[in-house]
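Q: Mind having a look at this structure? Questions to follow.
Number of protein chains: 2
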Amino acid sequence: MPEDVALIAPQAACVKCPIRYRAVCAHCEKDELDILEDAKVYRTYSAGQVVAWSGDRMDFVASVVSGVATLTQTMEDGRTQMVGLLLPSDFLGRPGRERVSYTVTATTDLLLCCFRRKPFEQLLARTPRLTQRLLEMTLDELDAAREWLLLLGRKSAREKIASLLAILCRREAALNKDVATGRMTVLLPLTREAMADYLGLTLETVSRQITALKKDGIIDMVGKRQINVPSYQDLVAESGDDADGGPLI
Amino acid sequence: MPEDVALIAPQAACVKCPIRYRAVCAHCEKDELDILEDAKVYRTYSAGQVVAWSGDRMDFVASVVSGVATLTQTMEDGRTQMVGLLLPSDFLGRPGRERVSYTVTATTDLLLCCFRRKPFEQLLARTPRLTQRLLEMTLDELDAAREWLLLLGRKSAREKIASLLAILCRREAALNKDVATGRMTVLLPLTREAMADYLGLTLETVSRQITALKKDGIIDMVGKRQINVPSYQDLVAESGDDADGGPLI
DNA sequence: CGCAAGCTTGAATGCCTTCAACCCCAGTGG
DNA sequence: CCACTGGGGTTGAAGGCATTCAAGCTTGCG
Numbered sequence: 001m002p003e004d005v006a007l008i009a010p011q012a013a014c015v016k017c018p019i020r021y022r023a024v025c026a027h028c029e030k031d032e033l034d035i036l037e038d039a040k041v042y043r044t045y046s047a048g049q050v051v052a053w054s055g056d057r058m059d060f061v062a063s064v065v066s067g068v069a070t071l072t073q074t075m076e077d078g079r080t081q082m083v084g085l086l087l088p089s090d091f092l093g094r095p096g097r098e099r100v101s102y103t104v105t106a107t108t109d110l111l112l113c114c115f116r117r118k119p120f121e122q123l124l125a126r127t128p129r130l131t132q133r134l135l136e137m138t139l140d141e142l143d144a145a146r147e148w149l150l151l152l153g154r155k156s157a158r159e160k161i162a163s164l165l166a167i168l169c170r171r172e173a174a175l176n177k178d179v180a181t182g183r184m185t186v187l188l189p190l191t192r193e194a195m196a197d198y199l200g201l202t203l204e205t206v207s208r209q210i211t212a213l214k215k216d217g218i219i220d221m222v223g224k225r226q227i228n229v230p231s232y233q234d235l236v237a238e239s240g241d242d243a244d245g246g247p248l249i
Numbered sequence: 001m002p003e004d005v006a007l008i009a010p011q012a013a014c015v016k017c018p019i020r021y022r023a024v025c026a027h028c029e030k031d032e033l034d035i036l037e038d039a040k041v042y043r044t045y046s047a048g049q050v051v052a053w054s055g056d057r058m059d060f061v062a063s064v065v066s067g068v069a070t071l072t073q074t075m076e077d078g079r080t081q082m083v084g085l086l087l088p089s090d091f092l093g094r095p096g097r098e099r100v101s102y103t104v105t106a107t108t109d110l111l112l113c114c115f116r117r118k119p120f121e122q123l124l125a126r127t128p129r130l131t132q133r134l135l136e137m138t139l140d141e142l143d144a145a146r147e148w149l150l151l152l153g154r155k156s157a158r159e160k161i162a163s164l165l166a167i168l169c170r171r172e173a174a175l176n177k178d179v180a181t182g183r184m185t186v187l188l189p190l191t192r193e194a195m196a197d198y199l200g201l202t203l204e205t206v207s208r209q210i211t212a213l214k215k216d217g218i219i220d221m222v223g224k225r226q227i228n229v230p231s232y233q234d235l236v237a238e239s240g241d242d243a244d245g246g247p248l249i
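If you read the sequences in order, they're chains A and B.
For the first sequence, the positions run 1 to 249 when the UniProt record's numbering is used.
For the second sequence, the positions run 1 to 249 when the UniProt record's numbering is used.
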């Protein structure tokens, strides 16, 4: 099998799914879940693999079950900006649109729970609960994008790095139904270059600022990818956000 | 009446509304429209007025009928980033959230078609068409936010200005169910400072780059606010986007 | 008229980028 | 076994683009 084709993985039952209550299917009842169960296919991608190129047809939408994927936009001269960071339970694809607008890349090994687009759209049309959940998730993503606009538009390189690490801490904590605080540790799912594309910086600047945060005791590292945060609050203080940093409810 | 309280304006019938087929109510049937008709109240704000401060309770959601509003985020030290630009037919507010996350400001005289939040949420819950329309609009806004991320993260000051003007040209054309091309003219709904907040620049840089585009014949101006674009294509060429620049469908 | 808000222009500074060299380390094959 | 290789990462020096600070202009309006 060619390396650039996704593997179809054996699939687990929805009721045992680790993202059962956080993904687009969160509020589905038994009968709706049965329909999704029949329509779904698991696919796996390995770190670095491109899931779809901008402009490609994509005949499925999906939930991220495990791993991390990014959405990126590239200008003609090669400048690249990440515009989406998809973590477990996040939704990939836009119902009603058959071509993807952004290049989708697996930055770690990735497991997607895929639904063929047409059947999924039909189910959407007759399952208000599903539409409502997707709306809720899209609104959350819009809020996240707006935080990101502030980061890109107004924050210094140091604040950008601290913000990204704080975001990863919060997502990590949320996975365990917890709240970020005190001592934390994060495994970076991104290369320095991907971090730079997220933050609108160069990879050299990312590297320098990580070194600076390390020197100042805000973080320390085990290898290149594991980051220990002695105090989440101190990290947030470096991010330029106000104390809680959490979204309003 | 104190200046900072919105005026309640006399309201027109929904069937004669200029945004009838583009706003959140676009796909509503007669009976659904009747409910909205009863629940709606028009409010007007004058240019510069704040509609709601970040963190305020807002007991209504609304459609922009005419005029322009912005959503902005401000850091503790005063750095400000615009995170939303609401033009006619755009939706304001988030169902399910009683406090606003961003400061909402009228940058021109503004007419809002307001719905009390609770009744609107109830209608949403039992009117799938309304939810679907709101989902569609939110997805469009997310796409726009992602274009914006590229702009803030990777474009030069000159490209940023050209991009903003091109966006305004496109929105202007869309109002007339048209497509931007050739000679265009835009009335800037934003001060230089608001443009700077949109673009992640200082107002001085905005001013300098507008002067530069003028000098290069990409635009010319009548007063400070009316911008003539001799060639929309030339403007887009300055924006760094590829030729069509339009979103994929 | 005179003021203030919005805007323009100039000069100096600084942050981040660019270009370049080098390090680290895991995987590979002689 | 170990030299080789290449991807990912770090560090240094120089330069550029946008910011900062400052002054002056334009225009609408009380």
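Don't be surprised by glycine CBs; every beta carbon is placed ideally from N, CA and C.
Between residue 257 of chain A and chain B, is the shortest Cβ-Cβ distance under 8 Å, so that the two count as touching?
A: This structure cannot speak to residue 257 of chain A, because chain A is shown only from 1 to 249.
Q: Where T70 of chain B and T107 of chain B are concerned, what is the direct C-alpha to C-alpha distance, given to the nearest angstrom?
A: Taking the straight line from one Cα to the other gives about 7 Å.
Q: R20 of chain B to T138 of chain A, Cα distance in whole Å?
A: One C-alpha to the other measures close to 24 Å.
Q: Quick one: what's got a C-beta closer than 6 Å to L130 of chain A's C-beta in the same chain, skipping five residues either side?
A: Correct list, in chain order: L124.
Q: Looking only at its chain, what residues have a beta carbon closer than 8 Å to the beta carbon of A39 of chain A, apart from the 5 residues adjacent to it on each side?
A: Contacts found: F115, R116, P119, F120, L123.
Q: Identify the continuous alpha helix (DSSP H) that holds Q233 of chain A and give its terminal residues.
A: Looking at the DSSP string, the run of the alpha helix (DSSP H) that includes Q233 of chain A is 232 to 239.
Q: Judging by CA-CA distance, which residue of A:K224, A:Q209, A:L36, A:G200 is the nearest neighbour of Q73 of chain A?
A: The shortest Cα separation from Q73 of chain A among A:K224, A:Q209, A:L36, A:G200 belongs to A:G200.
Q: Against G240 of chain A, what residues of chain B qualify as contacts under a CB-to-CB distance less than 9 Å, listed in chain order?
A: Chain B residues near G240 of chain A: M75, E76, D77, R79.
Q: Examine chain A for any beta-carbon lying closer than 8 Å to the beta-carbon of Q132 of chain B, and answer yes or no.
A: Chain A contact via Cβ: present.
Q: Spell out whether any CB of chain A is found under 8 Å from the CB atom of G200 of chain B.
A: Yes, G200 of chain B counts as interfacial toward chain A.
Q: Please decide whether V179 of chain B counts as near chain A, where near means a Cβ-Cβ distance under 8 Å.
A: Output row for V179 of chain B: interface = no.
Q: Taking only three categories from DSSP, how would you classify I167 of chain A?
A: DSSP places I167 of chain A in helix when its eight states are reduced to three.
Q: Can the beta-carbon of Y198 of chain A be found closer than 8 Å to that of L87 of chain A?
A: No; because the gap between Cβ atoms is not below 8 Å, this pair is not in contact.
Q: Tell me the DSSP bridge mates of C114 of chain B?
A: C114 of chain B pairs with B:V41, B:A62.
Q: Any idea if E141 of chain A is buried or exposed, counting beta-carbon neighbours within 10 angstroms, 16 or more meaning buried?
A: The residue is buried, with at least 16 neighbouring Cβ atoms inside 10 Å.
Q: Relative to the C-alpha of C14 of chain B, which candidate in B:V5, B:D234, B:I8, B:Y42 has its C-alpha closest?
A: With distances taken between Cα atoms, C14 of chain B lies closest to B:Y42.
Q: For a cutoff of 8 Å on Cβ pairs, would you count V83 of chain B as touching chain A?
A: By this cut-off, V83 of chain B is an interface position.
Q: Is it true that the CB of T185 of chain A sits closer than 8 Å to the CB of R229 of chain A?
A: It should be pointed out that residue 229 of chain A corresponds to Val in this sequence rather than to Arg. Their beta carbons are under 8 Å apart, which means V229 of chain A touches T185 of chain A by this criterion.
Q: What did DSSP end up calling A157 of chain B once you bin it into helix, strand or coil?
A: Of the three classes helix, strand and coil, the one that applies to A157 of chain B here is helix, per DSSP.
Q: So, is A12 of chain A buried or exposed, given that buried needs 16 or more other C-beta atoms within 10 angstroms?
A: With fewer than 16 other Cβ atoms within 10 Å, it is exposed.
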